[in-house]
Amino acid sequence: MSEEQFDLALDLMRRLAPSNTNNNLARLVKLVGPELEEELFSAVDLPLTTGTCAKSGRQYLKCDYNRDEQSYRSPWSSEYDPPLPEGNQPSFRLRRLEVALNDAFDVYRDLYYEGGVSSAYLWDTDDKDVFAGVVLVKKVITDGAAETGAWDSIHVIEVEEKSKAAHYKLTSTIILNLIHGKQNIGELNLSGNLTRQDDLSTHVGNIGRIIEDTEIKMRNALHEIYFGKTKDIANDLRSVQSFAEAKKQADIQAELVGKLLSRK
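Going by the numbering used here, the sequence shown opens with residue 142, and the numbers climb by one from there.
In structure tokens:
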């Protein structure tokens with residue numbers, strides 16, 4: 142399959158609701174053929190799923206970065222589920238850094254999200270001076286039957302270590318899905334994803350700061366641009382009043398107009 146067809150497949154995925162990404166991607170793979178399956182699954186960000194560490198009992202997030210074959214590595218014990226004795230493991234130095242990073246983002250998640258699940262994974266690269274990692278945050282919203290949703294943050298970072306400095310490259314993606322519905326106004330499904338990239342010239346502190354700054358900027362963009370524009374469009378399209386209230390107001394206006402005209 143040509144590069145153009147691959148680009149068209151990605152463009153189609155960007156136009157479909159992230160709330161149904163898994164099913165849409167599976168259908169697209171059937172359509173284009175198995176030769177692009179691995180590339181598409183690597184290129185498309187999927188909503189995060191959770192697992193439970195068999196050793197610690199703590200929840201962790203699953204993604205392509207902590208998967209080896211059909212098993213997923215827990216950041217708390219570094220063990221795979223299902224067990225995979227020969228699964229990929231970070232070097233001793235990176236594992237120590239990974240543990241510290243998970244502890245730091247456990248606090249960050251609690252302060253900023255007031256719940257949810259976070260996980261951080263690091264791995265070695267072919268270049269001995271470069272290592273990479275990912276920080277994941279997921280918060281599920283449940284407010285009765287009227288409001289549900291999920292926020293997924295995926296921060297992929299590449300660190301190039303030099304003699305007296307380190308260079309950080311961050312690519313962040315947020316997948317947002319909100320469903321709000323009430324009997325008198327119907328259901329509103331607001332979903333989308335946003336990706337940003339940043340560069341910067343103790344690893345845990347720097348990684349934490351760059352992710353914190355990027356998430357704040359992305360939250361502001363979502364709130365001011367996407368939510369603000371959606372609110373304006375929704376207000377133009379329909380009223381939040383019930384039909385009975387709107388009819389009552391229209392009847393009163395018609396009565397007032399009639400009385401004014403009768404005085405002329």
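Yeah, the Cβ is synthetic: ideal placement off N, Cα and C, and Gly gets one too. Since we're looking at a predicted model, the values are computed, not measured.
Who are the near neighbours of residue i in its chain, counting only those whose CB is closer than 7 Å to its CB and skipping five residues on each side?
i    : result
E301 : D270, V271, A307, H308
Y213 : G192, K203, N207, Y221, D222
R250 : G257, S259, V278
Taking the alpha carbon of residue i as the point to measure from, which residue in the options has its own alpha carbon closest?
i    : options                : result
D222 : R208, A241, Y249, S232 : R208
V345 : L238, P231, E365, K203 : L238
N161 : R236, E299, L319       : L319
Q146 : A167, E179, E210, V173 : V173
I352 : K310, D373, L169, K196 : K310
P224 : D265, S215, K280       : S215
V276 : K303, T266, D284, I315 : I315
E227 : Q211, D268, L242, A241 : Q211
A409 : E255, L252, V248       : The question about residue 409 has no answer, for the chain in this structure spans 142 to 405.
S313 : R360, K303, K305       : R360
R406 : L252, K171, L317, V185 : The question about residue 406 has no answer, for the chain in this structure spans 142 to 405.
V297 : Y254, L317, I348       : I348
R350 : D152, P175, L317, A245 : A245
E299 : K388, D268, D148       : D268
H364 : A395, A167, L317, K305 : L317
Sorted by chain position, which residues of the same chain lie with C-beta nearer than 6 Å to residue i's C-beta, five sequence neighbours on each side aside?
i    : result
L157 : N165
S294 : V278, I315
Following the continuous beta strand (DSSP E) through residue i, name the residue where it begins and the one where it ends.
i    : result
D265 : 258 to 265
D284 : 271 to 284
Can you tell me where the alpha helix (DSSP H) holding residue i begins and where it ends?
i    : result
E176 : Careful: E176 lies outside any alpha helix (DSSP H) and carries neither H nor E.
G349 : 344 to 362
R250 : 233 to 254
E288 : No alpha helix (DSSP H) holds E288; the beta strand (DSSP E) holding it covers 288 to 302.
L153 : 144 to 155
Excluding the five sequence neighbours on either side, which residues of its own chain have a C-beta within less than 8 Å of the C-beta of residue i, listed in chain order?
i    : result
I282 : E288, T289, G290, A291, W292, L319
T191 : Q200, Y201, L202, K203, V258, K279
W264 : Y206, N229, P231, L235, F272, A273, G274
A150 : L169, V173, L177, L181
K196 : S215, W217, S218, E220
N163 : L187, P188
N243 : P216, W217, S259, S260, A261
Can you determine whether any heavy atom of the ligand PLP sits closer than 7 Å to the C-beta of residue i, and answer yes or no?
i    : result
E301 : No copy of the ligand PLP occurs in the structure displayed, which carries no ligand at all.
Checklist entry - Where are the beta strand (DSSP E) runs, 3 residues long or more, that stay fully inside the stretch 179 to 220, in chain order? => result List check, beta strand (DSSP E) in window: 190 to 193, 200 to 203, 212 to 214.
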